[in-house]
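Engineer: FYI, in my numbering the residues of the sequence shown are 8 to 262. Note that CB positions come from ideal geometry on N, CA and C, so glycine has one too. Quick caveat: nothing in here was measured; it's all calculated off a predicted structure.
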Amino acid sequence: MSVAEVGSKDWKPYRALDLAAAPDVAPAPRSEPLPEKPFHAGDISVTPVPRSKAATAPSLALVLPDSPAVHAGFWRRCAAMIIDGLLLGVALAILQGALSFAVLGTMGMESGVGALLATAGLLGAASLVIQWLYFALFESGAAQATPGKRALGIKVVDERGRRIGFGRASGRYFGKIVSGALFGIGYLIAAWTERKRALHDMIADTCVVFDTVEYGRAMPSERPPMPWYGWLVNIVGLGAVPLLVGLGLAAGLRW
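Encoded structure:
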């Protein structure tokens with residue numbers, strides 16, 4: 008058989024071609040077997056995938072549960088109110104004496120009824136402002152409680168257990184005017200309403216809970232016992248009411 012290059016007419020026998028000049032073809036790569044290594048379960052490390060904040064956040068209820076271990080009862084709240092009343096009474100008595108002295112010293116003793124009316128007006132306005140700021144600032148502060156409530160281990164929160172602001176604390180205070188309008192019925196209903204709420208709590212959407220309740224944490228399962236001085240405050244404070252009424256009636260009969 009004869010062959011020739013492309014475009015050439017010089018035909019040569021196939022045997023006469025120089026096959027040694029043909030390029031070498033690289034051999035196909037061989038796959039070496041991997042060295043055998045015994046398998047151990049400890050050789051595998053698993054990296055946890057971080058979850059979103061929504062998945063890791065604690066489960067929070069829409070409102071606080073109706074549990075006796077969460078909400079403060081009527082008598083504990085009553086003792087706290089008596090303590091706060093005593094503290095405010097002392098402060099207002101001092102203020103009354105100071106205002107009376109200042110007004111009478113300015114207008115003179117001969118001013119009579121005018122001086123008394125001016126003193127009463129100033130005292131009434133100052134009393135309202137002092138009581139409002141007392142409750143609103145303390146209940147919206149870091150402790151979420153007045154000194155009386157702190158002494159009894161309770162605090163004011165919103166319906167989900169969160170700290171309330173100054174505006175809501177102010178609304179709660181002025182809601183007490185409604186609670187006391189009908190012979191204090193708005194206060195008394197805290198003894199049997201759901202979550203032990205008074206009328207002003209319903210108006211402001213607040214609750215009075217034990218200081219062991221923390222927003223975002225598990226609710227306590229045990230109710231703290233009433234401290235002994237809480238019962239003493241209730242007995243002395245509530246016992247003084249009929250005593251004062253009796254003294255007033257006795258004084259009236261003498262006149």
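#1: In the DSSP assignment, what are the bridge partners of His-78?
#2: Going straight from the alpha carbon of Arg-230 to that of Gly-131, what length do you get?
#3: Considering only C-alpha positions, which residue in the set Arg-169, Gly-193, Gln-138 is nearest to Phe-217?
#4: Is DSSP giving Val-70 helix, strand or coil here?
#5: Would the stretch 205-219 and the stretch 164-180 be scored as touching if the rule is three or more Cβ pairs under 8 Å?
#6: Hey, how far is the Cα of Val-240 from the Cα of Asp-91?
#7: Report yes or no: do the stretch 88-108 and the stretch 132-140 share at least 3 C-beta pairs separated by less than 8 Å?
#8: Could you tell me the alpha carbon to alpha carbon distance between Ala-149 and Thr-219, rounded to whole angstroms?
#9: Near His-207, what residues of its chain come up, given a Cβ to Cβ distance below 7 Å and the 5 sequence neighbours on each side ignored?
#10: Let me confirm a value: Asn-77 is counted as buried when at least 16 other C-beta atoms fall within 10 Å, else exposed. Which label applies?
#11: In angstroms, rounded to a whole number, what distance separates the CA positions of Met-233 and Ser-147?
#12: Name the DSSP beta bridge partners of Asp-165, please?
#13: Please go through the same chain and pick out, in chain order, the residues whose beta-carbon is closer than 8 Å to the beta-carbon of Leu-144, but skip the five residues on each side of it.
#14: Just to confirm, is the Cβ distance from Ala-87 to Gly-191 under 8 Å?
Structural biologist: Put simply:
#1: Val-216
#2: 40 Å
#3: Arg-169
#4: coil
#5: yes
#6: 11 Å
#7: yes
#8: 14 Å
#9: Arg-179, Gly-182, Lys-183, Val-185, Ser-186, Gly-193
#10: The sequence given here has Val at residue 77, not Asn. So Val-77 counts as buried.
#11: 24 Å
#12: Thr-213
#13: Phe-173, Ala-176
#14: no
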